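For reference, the structure is listed below as structure tokens.
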Amino acid sequence: MNSRRNFLKVSALTGGGILFGLVFPSFETNDASTALADYMPNIYIKIKPDGKIVLMAPNPEIGQGVKTSLPIIIAEELGVDWKKIEVELAPLDNRYGRQTAGGSGAIRGRYADLRKMGAAAREMFVNAAAQIWSVSAADCIADDGMVIHKSSEKKLSYGELASKAVTMQIPANPTLKDPKDFKYIGTRITDVDVHSIVTGKPLFGIDTRRKGMLFAMIARSPAYGKTLGNVDDTKARKVNGVKNVIKLKNSVAVLATSTWAAKKGRDALVIQWNTTGKLENSSDHFAGFKEILEKGPTTVGRNDGDVEIAKQKATKVLDVYYEIPTLSHCQMEPLNFFADVRDGKVELYGPTQVPDQLRNDVAEKLGINKDNITVGVPRQGGGFGRKLMTDNGVEAALVSAAAQSPVQVQWTREDDMQNDFYRPAEMYRYRAALTANELLAWHQSAVGIGRGIRGDSYVAGAMVNYRSDSQGFNSNTPTGWWRAPGACTMAYVAESFFDEICLELKKDPVAFRLDFFKKAKDAPVGRVGYDPTKYKAVVELVAKMSNWGTTPDGVYRGFATWFSFGSYAAQVVEVKLEDGKPRVTKVYCAVYCGRVINLSGAENQIQGAIVDGINHAMFPKVTFVDGAVQETNFNTYNFLRMYDAPLDIEVKFVESDEAPTGLGEPALPPIAAALGNAIFAATGKRLRRLPFAGQL
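Numbering-wise, the sequence shown is residues 26 to 721 according to our numbering.
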């Protein structure tokens with residue numbers, strides 16, 4: 026029998042939730058190999074022989090702060106000194122459950138489980154110390170990685186207790202800390218990678234270096250609707266450093282000893298691209314959208330009351346169109362991936378928001394059992410939904426398999442923007458039936474590339490007469506999920522339209538919304554897809570923060586609010602006119618997101634979402650001409666510069682003891698409308714088309 030053997034225990038700590046594998050050494054003998062082993066009370070916690078504690082962050086880190094905030098939850102219940110722990114990104118392992126970055130789901134999906142994991146491990150250490158001292162566990166406390174006997178003040182570190190703790194029974198229902206005793210949750214904690222980031226330490230996929238690795242650049246179709254034809258690689262193979270040229274299904278990879286050599290080789294390729302599909306234009310998309318909206322839908326998503334009869338009773342019908350352009354994800358880190366496919370096994374390492382899906386897709390493409398595929402995920406320089414697609418990792422695996430060599434495929438900014446899965450272009454038609462002082466009906470219609478527009482405004486559930494419908498538009502333009510999908514565009518349209526209604530009815534934008542939340546709570550119509558009380562809380566808080574109703578001289582304000590991923594955000598934007606152009610001076614934002622885990626990280630997420638939202642409201646768009654993207658880098662895909670950013674962003678959270686809800690995305694949706702409403706207040710110009718800058 027081995028002196029040390031590992032076995033798996035499965036503990037259902039969540040009472041019907043995810044089953045977590047807990048790994049324990051046997052400790053049947055006390056030889057040197059046992060003493061030197063790491064002790065893992067569960068897969069999230071590693072106690073090293075020297076007493077150092079390592080906490081595992083199970084979800085991909087794409088800038089949303091989960092590499093810090095998830096371990097904070099464990100550390101809080103485990104009872105360790107945060108300053109003395111290390112954090113590692115966990116490898117892909119089914120025992121961690123859903124290891125995905127998307128939908129603002131990491132914290133809200135793991136909060137309860139991680140608390141129980143930390144608490145269970147803490148109790149095992151306490152019980153171990155109590156047995157050693159022959160005292161009651163109730164007379165012992167755990168703090169800063171130590172178990173302390175209260176009366177005698179004897180202490181043992183977790184490292185010293187590891188060999189005993191492994192013999193303790195795993196608590197099925199550990200006692201969680203009272204939130205009033207939290208030391209870390211709700212405080213400000215610096216991101217665990219911040220020092221490495223600012224000092225240029227190798228953290229990202231592009232930093233990957235392996236023995237024998239070649240660098241690859243790939244020539245892909247220059248337009249949607251074109252496919253690969255003849256390839257002449259004669260000149261490419263003559264470029265110094267180029268080692269191989271590989272033809273894939275619809276692309277050509279050049280492998281070399283450096284990224285630069287691979288790029289030079291790619292530039293030397295002579296490729297014939299054949300037109301095999303429609304070469305589309307953005308102008309045709311919007312013309313098609315308009316035709317569809319004017320004809321009306323074939324199906325209706327929601328239909329409360331009778332909108333058409335209400336329109337007949339109205340003294341005015343407000344009927345307007347809004348246009349949303351295609352957008353690139355444009356994450357700061359261009360796509361890249363490392364792959365090593367050899368001897369029926371695959372090693373993958375690079376930026377992805379969905380490592381498990383990547384493993385499955387590579388297994389299918391290569392015909393290799395997924396158990397023979399490992400996926401490592403570094404810290405990522407943004408994602409915003411682009412890395413929910415697995416094409417970069419699959420592509421690297423195909424190149425490595427063909428070359429029989431480890432490779433790193435690196436994309437340029439132009440590659441990234443010409444081969445995206447874009448936020449689709451959309452068009453909305455909104456109609457409101459009005460009398461002199463009343464909103465009788467609300468009718469929203471939408472059409473977008475590839476799919477119908479999801480969701481309803483919060484007036485649904487508060488309006489007697491409400492209708493929403495949407496349709497998809499056939500296109501060969503690839504689309505995907507973009508930060509706060511659905512909400513990121515609908516909030517702009519619905520909240521801008523609400524502001525137009527307030528102007529027509531001479532209603533205060535804040536007070537009128539509060540009326541709707543009261544109706545949704547007291548006399549709901551059909552399904553109410555939100556909590557009116559929480560909505561009311563953020564609107565009242567931001568009104569108080571901004572001292573709404575007392576606008577300073579020379580300042581113009583806009584208001585908007587939205588709900589997504591279980592959270593609520595309300596915003597007030599202040600602008601001033603400088604040389605006749607609006608300048609954002611301050612943004613107030615109130616957020617309801619349940620309990621805040623890391624206050625500084627939470628504020629950063631809100632501030633980042635606001636800046637991101639202002640940027641995309643003001644400047645960028647993707648235009649297709651004959652299937653080709655026209656804006657391929659930052660010289661044409663205009664982005665917000667420092668002088669366009671708000672001078673100040675004030676953030677406050679509604680205090681709550683409820684479990685955390687989503688935070689990475691909810692502050693983005695309302696900001697475009699709040700900004701547009703402020704610009705209207707300043708200029709009298711109603712902006713119904715994104716981006717704004719070209720219209721000002």
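Yeah, the Cβ is synthetic: ideal placement off N, Cα and C, and Gly gets one too.
A quick note: this is a predicted structure, and the numbers were derived from the prediction, not measured.
What do you get for residue i, buried or exposed, if any count of 16 or more other CB atoms within 10 angstroms of its CB means buried?
| i | result |
| --- | --- |
| Gln720 | exposed |
| Pro431 | buried |
| Trp107 | buried |
| Gly290 | buried |
| Tyr668 | exposed |
| Ala684 | exposed |
| Trp285 | exposed |
| Val151 | buried |
| Met193 | buried |
| Phe45 | Interpretation of Phe45 is limited by its pLDDT of 27, a score under 50 that renders its predicted location unreliable; no figure is taken from the coordinates. |
| Gln496 | buried |
| Val325 | exposed |
| Ile210 | buried |
| Asn462 | exposed |
| Met142 | buried |
| Asn67 | buried |
| Glu451 | buried |
Leaving out five residues before and five after residue i in sequence, what residues of the same chain have Cβ atoms less than 6 angstroms from its Cβ?
| i | result |
| --- | --- |
| Ala509 | Ser589, Glu690, Leu693 and Pro694 |
| Val567 | Ala595, Val597, Tyr613 and Ala615 |
Tell me which same chain residues have a C-beta within less than 7 angstroms of the C-beta of residue i, skipping the five on either side of it?
| i | result |
| --- | --- |
| Gly638 | Leu693, Ile696 and Ala697 |
| Asn385 | Lys395 |
| Val256 | Lys272, Val277, Leu294 and Ile296 |
If you draw a straight line from the alpha carbon of residue i to that of residue j, how long is it in whole angstroms?
| i | j | result |
| --- | --- | --- |
| Glu102 | Lys77 | 17 angstroms |
| Lys395 | Ala615 | 45 angstroms |
| Ser177 | Trp158 | 10 angstroms |
| Val219 | Arg404 | 11 angstroms |
| Asp63 | Asp169 | 19 angstroms |
| Val472 | Cys513 | 15 angstroms |
| Ala485 | Ser625 | 34 angstroms |
| Ala82 | Leu688 | 17 angstroms |
| Arg438 | Phe409 | 16 angstroms |
| Thr586 | Ala594 | 6 angstroms |
| Ala426 | Asp365 | 8 angstroms |
| Gln469 | Ser482 | 9 angstroms |
| Ile334 | Glu319 | 19 angstroms |
| Thr233 | Phe541 | 53 angstroms |
| Phe52 | Ser188 | Residue confidence is low: Phe52 scores 24 on pLDDT, short of 50, so the model does not pin down where it sits. Its coordinate-derived value is still stated next. Those two C-alpha atoms are separated by around 7 angstroms. |
DSSP three-state label for residue i, please.
| i | result |
| --- | --- |
| Val151 | helix |
| Ile68 | coil |
| Cys355 | coil |
| Arg713 | coil |
| Asp203 | coil |
| Lys544 | helix |
| Gly46 | Reliability fails at Gly46, whose pLDDT of 32 lies under 50, so the model's placement of it is uncertain and no value is given. |
| Thr514 | helix |
| Leu539 | helix |
| Asp578 | coil |
| Trp158 | helix |
| Asn629 | helix |
| Leu273 | coil |
| Glu113 | strand |
| Met238 | coil |
Please list the terminal residues of the continuous alpha helix (DSSP H) segment that includes residue i.
| i | result |
| --- | --- |
| Met570 | Pro557 to Ser571 |
| Pro96 | Val91 to Leu103 |
| Phe409 | From DSSP, Phe409 is part of no alpha helix (DSSP H); its letter is neither H nor E. |
| Thr215 | No alpha helix (DSSP H) contains Thr215, which DSSP labels as neither H nor E. |
| Ala82 | Careful: Ala82 lies outside any alpha helix (DSSP H), inside the beta strand (DSSP E) at Ile78 to Ala82. |
| Glu420 | Asp416 to Ala428 |
| Met442 | Arg438 to Gln443 |
| Asn385 | Pro380 to Leu391 |
| Gly184 | Tyr183 to Ala190 |
Which residues bound the beta strand (DSSP E) around residue i?
| i | result |
| --- | --- |
| Ala706 | Counting along the chain, Ala706 falls outside any beta strand (DSSP E), though it belongs to the alpha helix (DSSP H) covering Ile696 to Thr708. |
| Trp298 | Val295 to Thr300 |
| Tyr593 | Ser592 to Glu603 |
| Ile173 | Met171 to His174 |
| Lys251 | Lys251 to Asp257 |
Got a sec: is the Cβ-Cβ distance from residue i to anything in chain B below 9 angstroms?
| i | result |
| --- | --- |
| Val484 | In the structure shown, chain B does not exist; there is a single protein chain. |
Less than 8 angstroms between C-beta atoms, sequence neighbours within five positions excluded: which residues of the same chain meet that for residue i?
| i | result |
| --- | --- |
| Phe705 | Asp524, Gly583, Arg711 and Leu712 |
| Gln443 | Arg245, Pro247, Ala653, Val654 and Thr657 |
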